[in-house]
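Visitor: Every position in the sequence shown, counted from 1, becomes a number in the working numbering once 79 is added.
Even for Gly, the Cβ is constructed at its ideal location relative to N, Cα and C.
Since the model is a prediction, treat every value here as computed from it, not as a measurement.
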Amino acid sequence: AARVADRFRLDPDRVVVIHNGVDPKIFSPAARNGRMRTELPQRYVASIGSYLPRKGHRLLLEAFSAIAAEFPDTSLVIAGMAGPEHRFLLERAAQLGLADRLACFVGLTHADTASLLAGAEVCVQPAYAEPFGLAIIEAGACGVPVAASAVSGHTELLKDGDTGFLFPAGDQAACVALLRQLLYDRESATRAAGRFRAEVLQEFGWRDCAQAYFALNVAAAPTVHRSESLEGSAAR
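(1) With burial defined as no fewer than 16 other Cβ atoms inside 10 Å of the residue's Cβ, what is the status of V223: buried or exposed?
(2) Just to confirm, are A289 and P103 a CB contact at a threshold of 7 Å?
(3) Whose C-beta lies closer than 7 Å to the C-beta of S312 among residues of the same chain, with five residues either side of it excluded?
(4) Going straight from the alpha carbon of G198 to that of D92, what length do you get?
(5) Measure from the alpha carbon of A208 to the alpha carbon of each residue in I216, C202, A229 and T188, then state which is nearest.
(6) On the CB-based measure, 16 or more other CB atoms within 10 Å of its CB, does M115 come out buried or exposed?
(7) Just to confirm, are Q251 and A173 a CB contact at a threshold of 7 Å?
(8) Could you pull the start and end residues of the beta strand (DSSP E) that F244 belongs to?
(9) With C-beta atoms as the reference, is L258 less than 7 Å away from I127?
(10) Counting Cβ pairs closer than 8 Å, one from the region 132-140 and one from the region 94-113, do we hit at least three?
(11) Roughly how far, in whole angstroms, is the beta-carbon of R274 from the beta-carbon of T234, given that I think they are within contact range, below 8 Å?
(12) For S129, tell me which candidate among E266, A161, S144 and V96 has the shortest Cα-Cα distance.
(13) To the nearest angstrom, how far is the alpha carbon of A148 from that of F87?
(14) Rounded to a whole number of angstroms, what is the C-alpha to C-alpha distance between R315 and A300?
(15) Scan the region 153-200 and note each continuous alpha helix (DSSP H) run of 4 residues or more that stays entirely inside, going in chain order.
(16) If C254 sits next to L89, beta carbons under 8 Å apart, how far is it from one beta carbon to the other, in whole angstroms?
(17) Leaving out the 5 sequence neighbours to the left and right, which residues in its chain are closer than 7 Å to V95 when beta-carbon positions are compared?
(18) Apart from the five residues just before and just after G212, which ones in its own chain have a Cβ nearer than 7 Å to its Cβ?
(19) Taking DSSP as the reference, what is the three-state secondary structure of V223?
(20) Please determine if the region 275-284 and the region 165-179 are in contact, where contact requires at least 3 C-beta pairs separated by less than 8 Å.
(21) In angstroms with no decimal places, state the Cα-to-Cα distance between A110 and P247.
(22) I believe A158 touches L187 by the beta-carbon criterion, under 8 Å. Please report the beta-carbon distance rounded to the nearest angstrom.
(23) Give the secondary structure of I127 by DSSP, where H, G and I count as helix, E and B as strand, and everything else as coil.
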C-alpha cells in the first residue's frame with residue numbers, strides 16, 4: 080500500500096488494502112480425502128503457481144534434488160496454469176533422475192487444488208516476486224506447513240518461525256536447508272501450521288473479504304446507510 084501511495088502520489092490514509100479470501104469449506108484439512116488422493120504420491124512436497132519463470136519452480140526442483148536421496152519416499156508435486164516452465168521442469172527432472180518423483184498438474188479445480196494441498200507434508204512457494212500469496216493462505220486453511228520466499232506478497236502473510244518459514248528469494252541453499260528442516264522436524268512444522276490455520280480462518284475468509292469490500296463501498300457512497308451489513312436490507 081505504501082508503494083502504491085508513493086508511486087501515484089496518493090494520500091496513504093486513502094489507500095485501503097483488501098486481501099483476497101479463501102473458502103474454508105473447500106480449503107480444509109478434510110480436503111485430503113478428495114478425488115486427487117488417488118492420483119498423488121503417498122508423501123510429497125507441494126507447490127502451487129502458474130508455470131512461469133518468476134514462480135521459482137526451477138529453484139524448487141533443484142533444491143528438492145539436493146535432498147531427494149535423504150527422503151527416498153518423498154516426491155515433488157507442482158500444480159498451476161499452463162506456461163513455458165512446465166515442459167522444462169519435466170525435462171530437467173529426467174536429467175536429474177527424478178522423472179518418477181515429480182508430478183505436474185495443469186488447470187486443477189479449486190477442490191482438486193485443496194485436495195493436493197491438504198495431503199502435502201509442506202507447501203513451498205519460491206516465487207521471485209508475488210503481489211499476494213493466495214496459495215499460501217489456501218495451504219494455511221488446509222493446515223499444511225508453509226515455506227516461502229521472503230518477497231513482499233509472502234512476508235505480509237507469514238511470521239517467520241511462528242506461522243510459517245521464510246528464505247531469501249533465489250537462495251537455493253537456504254531453500255534446501257528449510258526443506259530438510261521441515262521434513263525432519265515435523266513437530267515444529269505442525270505447530271506452525273496450526274497457528275497459521277487459525278490466523279487464516281480468522282482474517283482471510285471469503286466473508287471477511289466481502290465485508291471489507293462492503294465497508295469500502297459504504298465509505299465511498301455517503302447515501303448508503305452505514306448501519307447496514309451483509310445481513311441487512313439492500314442499500315438504498
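Guide: If we stick to the structure as given:
(1) Walking along the sequence shown from the start, residue 223 turns up at place 144. It is buried - the Cβ of V223 has at least 16 other Cβ atoms within 10 Å.
(2) Your numbering for residue 289 matches position 210 in the sequence shown. Your numbering for residue 103 matches position 24 in the sequence shown. Contact flag unset, no.
(3) As a first step, residue 312 must be located in the sequence shown, where it is residue number 233. Legend: pLDDT at S312 = 46, less than 50; position of this residue unreliable, value from coordinates given subsequently. Counting only Cβ-Cβ distances below 7 Å, and skipping sequence neighbours, we find nothing.
(4) What you label residue 198 is simply residue 119 of the sequence shown in a count that begins at 1. What you label residue 92 is simply residue 13 of the sequence shown in a count that begins at 1. Distance between the alpha carbons of G198 and D92 is about 42 Å.
(5) Locating residue 208 in the sequence shown gives position 129, where the first residue counts as 1. Minimum Cα distance to A208 is reached at A229.
(6) Your numbering for residue 115 matches position 36 in the sequence shown. Burial call: buried.
(7) The sequence position of residue 251 within the sequence shown is 172, counting from 1. The sequence position of residue 173 within the sequence shown is 94, counting from 1. Against a cut-off of 7 Å, the Cβ pair of A173 and Q251 comes out as no contact.
(8) If you number the sequence shown from 1, residue 244 lands on position 165. Run containing F244: F244 to F246, per the beta strand (DSSP E) assignment.
(9) By 1-based counting over the sequence shown, the position of residue 258 is 179. By 1-based counting over the sequence shown, the position of residue 127 is 48. Contact flag unset, no.
(10) Put simply, the region 132-140 does not touch the region 94-113. Fewer than three CB pairs are less than 8 Å apart.
(11) By 1-based counting over the sequence shown, the position of residue 274 is 195. By 1-based counting over the sequence shown, the position of residue 234 is 155. The Cβ separation is near 16 Å, so there is no contact.
(12) For this step, residue 129 is matched to residue 50 along the sequence shown. Taking S129 as reference, the option from E266, A161, S144 and V96 with the minimal CA-CA separation is A161.
(13) Counting from one through the sequence shown, the residue named residue 148 turns up at place 69. Counting from one through the sequence shown, the residue named residue 87 turns up at place 8. Using only the alpha carbons, I get a separation of about 50 Å.
(14) Taking the first residue of the sequence shown as position 1, residue 315 is located at position 236. Taking the first residue of the sequence shown as position 1, residue 300 is located at position 221. Model confidence at R315 stands at a pLDDT of 36, short of 50, so the residue's coordinates are unreliable; what they give is reported in the following sentence. Each residue's alpha carbon lies about 11 Å from the other.
(15) 164-174 and 189-197
(16) The residue labelled residue 254 in the question sits at position 175 within the sequence shown. The residue labelled residue 89 in the question sits at position 10 within the sequence shown. At roughly 36 Å, the Cβ-Cβ gap does not stay under 8 Å, so C254 and L89 are not in contact.
(17) As a working note, residue 95 is residue 16 in the sequence shown. Closer than 7 Å at the Cβ level, and outside the excluded window around V95, lie L295.
(18) Position 133 of the sequence shown, counting from 1, holds the residue named residue 212. The answer, listed in chain order, is Q204, A227, G232, H233 and L236.
(19) For this step, residue 223 is matched to residue 144 along the sequence shown. In the three-state scheme derived from DSSP, where H, G and I count as helix and E and B as strand, V223 is classed as coil.
(20) No, because fewer than three Cβ pairs between the region 275-284 and the region 165-179 fall closer than 8 Å, the two stretches do not touch.
(21) Here residue 110 refers to the residue found at position 31 of the sequence shown. Here residue 247 refers to the residue found at position 168 of the sequence shown. A direct Cα-to-Cα measurement between A110 and P247 gives close to 30 Å.
(22) Stepping through the sequence shown from its first residue, residue 158 is reached at position 79. Stepping through the sequence shown from its first residue, residue 187 is reached at position 108. That pair is a contact at about 5 Å.
(23) The residue labelled residue 127 in the question sits at position 48 within the sequence shown. Secondary structure at I127: strand, using DSSP grouped into helix, strand and coil.
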